[in-house]
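Q:
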Amino acid sequence: MPLAQVPLWPEQASTIAPRVDALTIFLIALSAFFTIVIFTTLIYFAAKYRRRYPDQQGEPVKGGLQLELTWTIIPLLIALGIFAWGADVYFEVAHAPDDSMDVYVVGKQWMWYTQHMTGQRENQGLTVPLGRSVKLTMVSQDVIHDFSMPAFRIKMDVVPGRASSMWFKATKTGKFHLFCGEYCGTNHSRMVGWVTVLEPTQFQQWLGSLKVDGSPASEGRKLFLKYQCATCHSGDAQARAPLLENLYGKKVALEGGGSVLADDDYIRESILLPDAKIVAGYRPIMPSFRGQISDVELLQLVAFIKALGPGQTPPRIEEGEPPAAAPQLQPQQKKP
Ligand code: CUA
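Following this note's numbering, the numbering of the sequence shown begins with 369 at its first residue and continues without gaps.
As structure tokens, then:
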């Protein structure tokens, strides 16, 4: 293979890729520059100040304030510059644009599956439209995995017990590698797949050609009924908890002053740690669902609450069997 064809870098296929590469190249160039400067002067001084006869004594070394300040201040400025540059790139990756398309990612030993909000699922793959921001919300069903897409220059750990997220905007159509970037057991190396980037019209055709087996929001509605959330979160006069319709993206006034934006994190927290933030006018009576509900169920429940429009709260069910996994009403949930 001729040297020019040796792939030093994966293809750049996202808007963030050139920025990540620029920072990486800068760091390599900076390291190379100082390596050369240090080794050149080292060799030069070793030759120049070598011992010329057996009993030669070294000159006493006097301090050089100016020199010391120079080699302290310049590296300090360089290091702070790298920090600011790296933080800027990091923040860009961490904050998905508001108009992003949501996709859920689930990792388990040893496969990835992804799901679009309209319900279409893919195994070991992800298909996205060109030029559209895609926000991935990722959970694990067992151990730590890492969703890694080298051509887009993004990767992130997927950790049990939490939802991690990142986003990208593809700038090229085609097929790109998808890896698990964290050793997760015997078949870790098989936990690979492809990301396919399609033209937007092709993407819509592709989406329409797949069978839909329950969108996250419709699965979430089943859970809302299963866990009998509507018993308290209902619109009627005796409701003991706030109605959740049209909640997403709104400011929520809290008991004891202050307010919070109803985003994914707030909804997740309210399900897992209901006492963390109490809505103004209500009492902290909701049990924690931590340990009662899986990470995937939590994603679906959040998707349902995000999509819940006016008049869409399922009716209260008074009769019928209690749910199989009814949460225990305990004043304090023990932490594991
Ligand atoms: Cu999953 Cu490595």
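We put the CB at the ideal spot given by N, CA and C, even for glycine. Everything numeric in this text was worked out from a predicted model, so none of it was measured.
Output the distance between the C-alpha atoms of Arg-636 and Val-670, rounded to the nearest integer angstrom.
A: Taking the sequence shown and counting its residues from 1, the one referred to as residue 636 is at position 268. Taking the sequence shown and counting its residues from 1, the one referred to as residue 670 is at position 302. In a straight line, the C-alpha of Arg-636 is about 7 Å away from that of Val-670.
Q: Going along the chain, which residues of its own chain have a beta-carbon closer than 6 Å to the beta-carbon of Gln-570, five neighbours each way excluded?
A: Along the sequence shown, one-based indexing puts residue 570 at 202. Cβ neighbours of Gln-570 beyond the five flanking positions: none.
Q: Taking 8 Å as the threshold, find out whether the stretch 447-461 comes into contact with the stretch 385-395 through three or more Cβ pairs.
A: Short answer: they touch.
Q: Buried or exposed: which applies to Ala-648, given that a residue is buried once 16 or more other Cβ atoms fall within 10 Å of its Cβ?
A: Translated into the one-based positions of the sequence shown, residue 648 becomes position 280. It counts as exposed.
Q: Work out the CA separation of Val-563 and Ile-522 for me, nearest whole Å.
A: As a working mapping, residue 522 is identified with position 154 in the sequence shown. As a working mapping, residue 563 is identified with position 195 in the sequence shown. When rounded, the distance between both Cα atoms is 13 Å.
Q: If we count the other Cβ atoms within 10 Å of its Cβ and call it buried at 16 or more, is Ala-414 buried or exposed?
A: The residue labelled residue 414 in the question sits at position 46 within the sequence shown. Ala-414 comes out exposed.
Q: Report the rounded CA-to-CA distance for Ala-630 versus Met-469, giving the unit in angstroms.
A: As a first step, residue 630 must be located in the sequence shown, where it is residue number 262. As a first step, residue 469 must be located in the sequence shown, where it is residue number 101. Roughly 18 Å between the two C-alpha positions.
Q: In three-state DSSP terms, what is Phe-571?
A: Locating residue 571 in the sequence shown gives position 203, counting from the first residue. It is helical.
Q: Compare the Cα-Cα distances from Ile-384 to each of Gly-426, Ile-646, Tyr-458 and Gln-477 and report the closest residue.
A: As a first step, residue 384 must be located in the sequence shown, where it is residue number 16. Per the Cα distances, Tyr-458.
Q: To the nearest angstrom, how far is the alpha carbon of Phe-546 from that of Pro-518?
A: To locate residue 546, count along the sequence shown from 1; it is residue 178. To locate residue 518, count along the sequence shown from 1; it is residue 150. It should be pointed out that residue 546 corresponds to Leu in this sequence rather than to Phe. About 7 Å.
Q: According to DSSP, which residues form a beta bridge with Gly-475?
A: Residue 475 sits at position 107 when you count from the first residue of the sequence shown. Answer is Trp-480 and Ser-508, bridged to Gly-475.
Q: Is Asp-525 near Asp-510, with beta carbons less than 8 Å apart?
A: Within the sequence shown, numbered from 1, the residue matching residue 525 stands at position 157. Within the sequence shown, numbered from 1, the residue matching residue 510 stands at position 142. No.
Q: Within 10 angstroms of its Cβ, does Gly-529 collect 16 or more other Cβ (buried), or is it exposed?
A: Residue 529 sits at position 161 when you count from the first residue of the sequence shown. Counting Cβ neighbours within 10 Å, Gly-529 comes out exposed, since fewer than 16 surround it.
Q: Expressed to the nearest angstrom, what Euclidean distance is found between the alpha-carbon atoms of Thr-409 and Gly-454?
A: Counting from 1 along the sequence shown, the entry for residue 409 is found at position 41. Counting from 1 along the sequence shown, the entry for residue 454 is found at position 86. Each residue's alpha carbon lies about 30 Å from the other.
Q: Helix, strand or coil for Gly-493, going by three-state DSSP, please let me know.
A: As a first step, residue 493 is located in the sequence shown; it is residue number 125 there, counting from the start. In this structure, Gly-493 counts as strand in the three-state DSSP scheme.
Q: Apart from the five residues on each side of it in sequence, which residues of its chain come closer than 7 Å, Cβ to Cβ, to Val-527?
A: In the sequence shown, residue 527 corresponds to position 159, counting from 1. Ser-508 and Ile-512, listed in sequence order.
Q: Can Gly-475 be considered in contact with ligand 1, in the sense that its beta carbon sits closer than 7 Å to one or more heavy atoms?
A: Your numbering for residue 475 matches position 107 in the sequence shown. Indeed, a heavy atom of ligand 1 lies less than 7 Å from the Cβ.
Q: Using DSSP with H/G/I as helix, E/B as strand and the rest coil, what is Ala-452?
A: Taking the sequence shown and counting its residues from 1, the one referred to as residue 452 is at position 84. Of the three classes helix, strand and coil, the one that applies to Ala-452 here is helix, per DSSP.
Q: Leaving aside the five residues before and after Val-461 along the sequence, list all residues of the same chain whose C-beta is less than 7 Å from its C-beta, in chain order.
A: In the sequence shown, counting from the first residue as 1, residue 461 sits at position 93. Ile-384, Ile-522 and Met-534.
Q: Among residues of its own chain, excluding the 5 on either side of Leu-531, which ones have a beta-carbon nearer than 6 Å to its beta-carbon?
A: As a working mapping, residue 531 is identified with position 163 in the sequence shown. It is Ala, not Leu, that sits at residue 531 in the sequence shown. Correct list, in chain order: Thr-505 and Val-507.
Q: Measure from the C-beta of Leu-629 to each C-beta in chain D and report whether the shortest distance is under 8 Å.
A: As a matter of chain content, chain D is missing from the structure shown, which is built from one protein chain.
Q: For Cys-597, is the beta carbon positioned less than 7 Å from some heavy atom of ligand 1?
A: Position 229 of the sequence shown, counting from 1, holds the residue named residue 597. No, the beta carbon of Cys-597 sits no closer than 7 Å to any heavy atom of ligand 1.
Q: Ordered along the chain, which non-local residues of its own chain (more than five positions away) have a Cβ less than 8 Å from that of Asn-555?
A: For this step, residue 555 is matched to residue 187 along the sequence shown. Once the five neighbours on either side are set aside, the close Cβ partners of Asn-555 are Gln-477 and Trp-478.
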